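Numbering (our numbering), first residue to last: 713 to 844.
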C-alpha cells in the first residue's frame, strides 16, 4: 500500500469560479453595461489548476478582478459553495482608475487543508464568489 503523497503524484484539480459578470464594454475608461455604469467581475468565470496535497501556509492560487464605481464603499468578497472549505479570500488590492475602481481579489488555498482528487467530480471542482 502506498501513502497519500505517492498516490497524488501528478494529479491536479481543475477549479472553476463562475461569477455574475455580464458582457463588459469600456468606453472612454467608463465601465459600462449597456448604458448604465455597473459593478462586475472582469470575466464570467475563472479557471485554475490546484495540485493535490496540502500546504503548511495559506497559498495564493489566483487573482481575479472586480470592477466597481468610484466613491463607493469597498465591496465585501465571500466564497460560497466551497463544500470542502479548501479555499479562502486573501488580500484585496484596490486600484483607482480614471472613472472606476479595480479590486484585485486573491483566492488562496487554506493552510493545512488537503486537496484530494477523489473528492472532486473527475478532477473538477466549482465554487462561487459573492460580492456585497
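The beta-carbon is built from N, C-alpha and C at its ideal position, and this holds for glycine as well.
Here the structure is a predicted model, which is why all the values come from computation and not from measurement.
The closest CA to that of residue 816, considering only 823, 756, 802 and 810, is found on 802. The count of Cβ pairs closer than 8 Å, one atom from the segment 781-797 and one from the segment 758-770, stays below three, leaving the stretches out of contact. For residue 815, the enclosing beta strand (DSSP E) begins and ends at 812-821.
Linking residue 788 to residue 776 through their CA atoms gives a straight-line distance of about 14 Å.
Within the same chain, 796 come within 7 Å of residue 831 by CB-CB distance, once the 5 residues on both sides are set aside. Taking one beta carbon from each stretch, the segment 806-821 and the segment 779-788 have 3 or more pairs nearer than 8 Å; the two touch.
At the C-beta level, residue 835 and residue 826 stay beyond 8 Å of one another. Taking a C-beta distance under 8 Å as the contact criterion, residue 822 and residue 839 do not qualify as a contact pair.
Taken in chain order, the whole beta strand (DSSP E) runs of length 3 or more contained in the segment 785-811 are 789-792 and 799-808.
Beta-carbon to beta-carbon, residue 728 and residue 757 are separated by about 6 Å, close enough to satisfy the 8 Å threshold.
In the three-state scheme derived from DSSP, where H, G and I count as helix and E and B as strand, residue 829 is classed as helix. When secondary structure is reduced to three states using DSSP, residue 835 falls in the coil class, being assigned neither helix nor strand. Rounded to the nearest angstrom, the Cβ distance from residue 774 to residue 819 is 4 Å, consistent with a contact under 8 Å.
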